[in-house]
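Enquirer:
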């Protein structure tokens, strides 16, 4: 058990000194600031809400607390859950865990943690996992329909929940039964400022898709519904859209069908739409006030949604049928009465829907439990399911219920909530003292009567069958005549005027007391946690909780299966004139059943505390926690636990911790555990009044005695630590010395051996050197004696010449063919001949080329020169060049020899025509083409019309400024003329030739011969063409086909651009 060492404050408040309210709160604050949110009071766990996630709930912590007993680790909710589960599994004792606290203190989260721990440590298997998953998935469903945002808590449970989980003999869950208590159904129709209605309404509006909302006849804006507070439609840290998807998934896992989920959402939508039914004043023919509906569309939509006759619903909302044994009387309702009836219907529908959900979940997760009783109770709720009476099974109950409440205005709800907490406090005191008494009896220790405050007088004040406050309230609701809240208060004042725990304005006046905080319509009860003032306004109405029979019958007539099943009393065949039980009577009956259930089980307690009102992490309000500690009775709990013996532990564990305090038991003890404990405590001279020896445990009365033992243990540990350190240091020094001595011997031996090895090595090297010199001297002497001087040089020269001769003769016999295309050559037999071999290869190739050139005619030489020139100009630049290589250059493509007219165009002194071809001239103005004859002579380029050869244009080669040609497969080119020439003034020529490579090559060579200058040939896709009007930009691009055909398409773009597409 961790007591002082390494702990923050006191982990168990039973050991707190001094035992005062302030020191208790200070201890909780100290631990909270160090993020230690859990503290024990014996086996009671106090939990302070951290308002932040802490890394203490993962699987590592689950495994840690599963393997240790309750006090062996820090306080944790897993330790309490583990103790309860192990007791249930191993000792066959039914368990219940009671979780109480104020709204926002973390009760819901605590119950989730308990369930998640049990689910993690219990057995495995497909059926077991299914049950565990259903148990865990019930939380999102109940939270959606039973939780809401309040001023104090964004996810406050507005109902009490008790869950019985059944286990088999192995400790595997078989099923569960959930019982709910007192849903705050008044929240359906009215919320305080800053609060919200139940989560389901906002999740439905925010999370449902447009199609579902349309089917439910809802709009997404929460501000459009009278039952919803528009100012708080959204909550920080809460995603209603995502939570709606989680809800749908959870309902599917539990076992709800798609149709059932749809029906549940339809009933929830019905509640929302009821709030928008606006009632107005009307008058009957006789002038009696009545009520009516302002806009019938809302009632009509409700009728369409649930299959209900809108006329019947309107009649049920605005009138009431009073039925006796002899006659029926229909009376019209005023607006106030009709509004009450509408709100009562909405509250009853929602409350009954919630009860249906709880029992539907029970039907899914129970295994072997008693089936649900047939039929409904008068308020539309299932009776609580009871554990089956067949095979004996183990049960663990988890109670998550509202804590003690003191508000500024306390009404009927706070009254019954505080009554429930009084009963739970009574159970706690009685069960705690009973447990103490049973343990003392088991251990053979005399039981000493403990003085404590017995709150049975308060419980009796509230629940007495004839003279209790609830009995008086029921009597006032049932009696004939004028009944009001004031007559009820007057009856209480008369009956309890001398009761020590009851106060009111009347009783105070009788005792001549003045209290300005006590109103005329109020009474006060002195609860165990403090005085609470209740306002009796609406006590009668809330206790009656009446729903007019007309509304029940109207709901039963609906064609909606779920809605119809919620109102079985609406069936005329089951109609009864018997008055249904009041809300107070039902709650009292439920509490009585709960108390019987708790008394039959071994209880564990979790007291949840809210550290501040603003849900801020790290902030601890001393005053707020003090109030809650008083409500929860923490100080009273500690006093009850300390009434007998504050500390007890098994002999074995106690001896293991404290045996070092006695020389008899340290370091070894071979006797029994109890004898060893007696030896330890006997040597410490402990007072016999402080100790009690049981059969298996040692009991210590005062925490001071335990602290004294801890202090002695701490001092003894220091002594032992000093002894261990001294022994260790001596051992370490001796070991170090021995290691150094051994190392020194090893180093010395290695050093001496290494020195001798080096010395031997030097001597050996010297001997070898002397031997080498002697052998060399002898060899040189014998060489001079037996061989002539220079014989080696002569011999090497002879051998080298022989190798050269052999290489050259072999090369002569292995020469390749004289073809210039054959590039084979034999490799050199030795590396020393590589340079000579490469030079011989180069000379042989040059010789073959010269022989080839000598065989060519002048005409062939000229053709090859033209091909070489074309290669230099267009190879790798023009796409059509590769096709022109194997094709010979003919020069005449128009039949010049057969056309004397064309021969006359060249003139007399021009010499032969170098190139004659039909080309296409591109019109610079519109991009159209026309056929032309192109002639090239040694001095001119002549372009003439094919139809009229006399109309010619002669361009001197000296006037050519350059040529532009594209890189594509086309034959488009431009002749650029110099501006100083007479022909150049007309502008450049844009031509298309099918033999553009040959044509441009011949122009280039002719220009070079005539002017001794190189004609610029530019390969580009964009070039400028000059004309009289100015410069024209020609842009050439490939078409979709990739330009394989070489066909051109010219299109004029504006006045300065010509686009040419190569097809």
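Residue numbers (this note's numbering): 3 to 1065. For every residue, glycine included, the Cβ atom is placed at its ideal position computed from N, Cα and C. None of the values given here were measured: they were computed from a predicted structure.
With 16 as the cutoff for other CB atoms within 10 Å, does residue 449 come out buried or exposed?
Expert: Residue 449 sits at position 447 when you count from the first residue of the chain shown. By the 10 Å Cβ count, residue 449 comes out exposed.
Enquirer: May I ask you to list the residues that DSSP assigns as paired with residue 283?
Expert: Here residue 283 refers to the residue found at position 281 of the chain shown. DSSP, once it has assigned bridges, lists 293 as partnering residue 283.
Enquirer: How is residue 531 classed by DSSP in three states: helix, strand or coil?
Expert: Translated into the one-based positions of the chain shown, residue 531 becomes position 529. Note: residue 531 maps to coil in three-state DSSP.
Enquirer: Sort out for me which residues DSSP pairs residue 524 with in a bridge.
Expert: Position 522 of the chain shown, counted from the start, is the residue given in the question as residue 524. Answer is 537.
Enquirer: Write down the C-beta distance between residue 989 and residue 1029 rounded to the nearest angstrom, noting that I regard them as a contact closer than 8 angstroms.
Expert: Translated into positions along the chain shown, residue 989 becomes position 987. Translated into positions along the chain shown, residue 1029 becomes position 1027. Confirmed, about 4 angstroms.
Enquirer: Would you call residue 810 buried or exposed, if buried means 16 or more other Cβ atoms sit within 10 Å of its Cβ?
Expert: Locating residue 810 in the chain shown gives position 808, counting from the first residue. Classification for residue 810: exposed.
Enquirer: Could you spell out the range, first to last residue, of the beta strand (DSSP E) harbouring residue 611?
Expert: What you label residue 611 is simply residue 609 of the chain shown in a count that begins at 1. Counting along the chain, the beta strand (DSSP E) containing residue 611 begins and ends at 604 to 611.
Enquirer: Considering only residues of the same chain and omitting the five flanking positions on each side of residue 80, which have a CB-CB separation below 7 angstroms?
Expert: Mapped onto the chain shown, residue 80 falls at position 78. Only 63, 64, 67, 119 meet the Cβ criterion.
Enquirer: On the three-state DSSP scale, how would you describe residue 354?
Expert: As a first step, residue 354 must be located in the chain shown, where it is residue number 352. Residue state, collapsed to three classes: helix.
Enquirer: State the Cα-Cα distance for the pair residue 544 and residue 336, rounded to the nearest angstrom.
Expert: Taking the chain shown and counting its residues from 1, the one referred to as residue 544 is at position 542. Taking the chain shown and counting its residues from 1, the one referred to as residue 336 is at position 334. Rounded to the nearest angstrom, the two C-alpha atoms are 20 angstroms apart.
Enquirer: Looking at residue 177: is its Cβ nearer than 9 angstroms to the Cβ of residue 124?
Expert: The sequence position of residue 177 within the chain shown is 175, counting from 1. The sequence position of residue 124 within the chain shown is 122, counting from 1. Result no, Cβ atoms of residue 177 and residue 124 do not sit closer than 9 angstroms.
Enquirer: Return the chain-ordered ranges of every alpha helix (DSSP H) run that is complete within the stretch 46 to 126 and spans a minimum of 4 residues.
Expert: Within the stretch 46 to 126, the complete alpha helix (DSSP H) runs of at least 4 residues are 61 to 68, 79 to 93, 109 to 123.
Enquirer: In angstroms, rounded to a whole number, what distance separates the CA positions of residue 169 and residue 405?
Expert: Along the chain shown, one-based indexing puts residue 169 at 167. Along the chain shown, one-based indexing puts residue 405 at 403. Each residue's Cα considered, the two are about 29 angstroms apart.
Enquirer: Is the beta carbon of residue 183 sitting closer than 9 angstroms to the one on residue 403?
Expert: Along the chain shown, one-based indexing puts residue 183 at 181. Along the chain shown, one-based indexing puts residue 403 at 401. A contact, by the Cβ cut-off of 9 angstroms.
Enquirer: For the pair the stretch 579 to 599 and the stretch 538 to 556, tell me if three or more CB-CB distances fall below 8 angstroms.
Expert: Touching, yes, given that three or more Cβ pairs across the two stretches are closer than 8 angstroms.
Enquirer: By the DSSP assignment, the alpha helix (DSSP H) with residue 567 in it spans what residues?
Expert: What you label residue 567 is simply residue 565 of the chain shown in a count that begins at 1. 563 to 567 is the extent of the alpha helix (DSSP H) around residue 567.
Enquirer: Residue range of the beta strand (DSSP E) that residue 887 falls in?
Expert: Your numbering for residue 887 matches position 885 in the chain shown. Looking at the DSSP string, residue 887 is not in any beta strand (DSSP E), and its letter there is neither H nor E.
Enquirer: Can you give me the start and stop residues for the beta strand (DSSP E) that residue 169 sits inside?
Expert: If you number the chain shown from 1, residue 169 lands on position 167. Looking at the DSSP string, the run of the beta strand (DSSP E) that includes residue 169 is 162 to 169.
Enquirer: Buried or exposed: residue 643, going by 16 or more other Cβ atoms within 10 Å of its Cβ?
Expert: The count along the chain shown starts at 1 and reaches residue 643 at position 641. Residue 643 should be labelled buried.
Enquirer: Under the three-state reduction of DSSP, which class applies to residue 240: helix, strand or coil?
Expert: For the purposes of this step, residue 240 is taken as residue 238 along the chain shown, with counting starting at 1. Coil, per DSSP.
Enquirer: Among 942, 266, 1000, which one has its Cα closest to the Cα of residue 362?
Expert: Stepping through the chain shown from its first residue, residue 362 is reached at position 360. Comparing Cα-Cα distances from residue 362 to each of 942, 266, 1000, the minimum goes to 266.
Enquirer: Let me make sure I understand the geometry here. Which of 906, 1055, 539 has the alpha-carbon closest to that of residue 927?
Expert: Residue mapping note: residue 927 aligns to position 925 of the chain shown, counting from 1. Ranking 906, 1055, 539 by Cα distance to residue 927 puts 1055 first.
Enquirer: Taking the beta carbon of residue 254 as the centre, do at least 16 other beta carbons fall within 10 Å, making it buried, or is it exposed?
Expert: On the chain shown, position 252 is the one that residue 254 refers to. Exposed.
Enquirer: Which whole runs of the beta strand (DSSP E) in the stretch 974 to 1053 are 3 residues long or more, in chain order?
Expert: Runs of the beta strand (DSSP E) inside the stretch 974 to 1053: 974 to 979, 991 to 994, 1019 to 1021, 1024 to 1028, 1033 to 1040.
Enquirer: Using the three-state DSSP reduction, which class does residue 874 fall into: helix, strand or coil?
Expert: On the chain shown, residue 874 is found 872 positions in, with the first residue counted as 1. Helix.
Enquirer: What's the C-alpha gap between residue 146 and residue 437?
Expert: Here residue 146 corresponds to residue number 144 of the chain shown, with the count starting at 1. Here residue 437 corresponds to residue number 435 of the chain shown, with the count starting at 1. Going from the Cα of residue 146 to the Cα of residue 437 covers about 38 angstroms.
Enquirer: With a 10 Å radius around its C-beta and 16 neighbouring C-beta atoms as the bar for buried, classify residue 476 as buried or exposed.
Expert: The residue you call residue 476 lines up with position 474 of the chain shown. Flag for residue 476 reads buried.
Enquirer: Just the Cα atoms here: how many angstroms apart are residue 918 and residue 1037?
Expert: For the purposes of this step, residue 918 is taken as the residue at position 916 of the chain shown. For the purposes of this step, residue 1037 is taken as the residue at position 1035 of the chain shown. Going by the C-alpha atoms only, they are around 28 angstroms apart.
Enquirer: Which residues in the same chain as residue 154 place their Cβ atom closer than 6 angstroms to its Cβ, once the five residues preceding and following it in sequence are excluded?
Expert: Here the question's residue 154 lines up with position 152 in the chain shown. These residues qualify, in order along the chain: 105, 106.
Enquirer: Would you kindly work out how many angstroms separate the C-alpha atoms of residue 751 and residue 661, rounded to a whole number?
Expert: Sequence index remark: in the chain shown, residue 751 carries index 749 (1-based). Sequence index remark: in the chain shown, residue 661 carries index 659 (1-based). The alpha-carbon atoms of residue 751 and residue 661 are separated by roughly 53 angstroms.
Enquirer: Taking DSSP as the reference, what is the three-state secondary structure of residue 543?
Expert: Reading the chain shown from its first residue, position 541 is the one you call residue 543. In this structure, residue 543 counts as helix in the three-state DSSP scheme.
Enquirer: Got a sec, what are the start and stop residues for the beta strand (DSSP E) residue 182 sits in?
Expert: For the purposes of this step, residue 182 is taken as residue 180 along the chain shown, with counting starting at 1. Here the beta strand (DSSP E) through residue 182 covers 175 to 183.
Enquirer: In whole angstroms, what is the alpha-carbon distance linking residue 840 and residue 1039?
Expert: As a first step, residue 840 must be located in the chain shown, where it is residue number 838. As a first step, residue 1039 must be located in the chain shown, where it is residue number 1037. For residue 840 and residue 1039, the distance between alpha carbons rounds to 49 angstroms.
Enquirer: At which residue ranges does the stretch 433 to 517 contain complete alpha helix (DSSP H) runs of 4 or more residues, listed in the order of the chain?
Expert: 458 to 465, 471 to 480, 487 to 497, 507 to 512, all fully within the stretch 433 to 517.
Enquirer: For the beta strand (DSSP E) holding residue 208, just list the boundary residues, first then last.
Expert: Within the chain shown, residue 208 is the residue found at index 206, counting from 1. No beta strand (DSSP E) holds residue 208; the alpha helix (DSSP H) holding it covers 201 to 209.
Enquirer: With burial defined as no fewer than 16 other Cβ atoms inside 10 Å of the residue's Cβ, what is the status of residue 854: buried or exposed?
Expert: Sequence index remark: in the chain shown, residue 854 carries index 852 (1-based). The residue is exposed, with fewer than 16 neighbouring Cβ atoms inside 10 Å.
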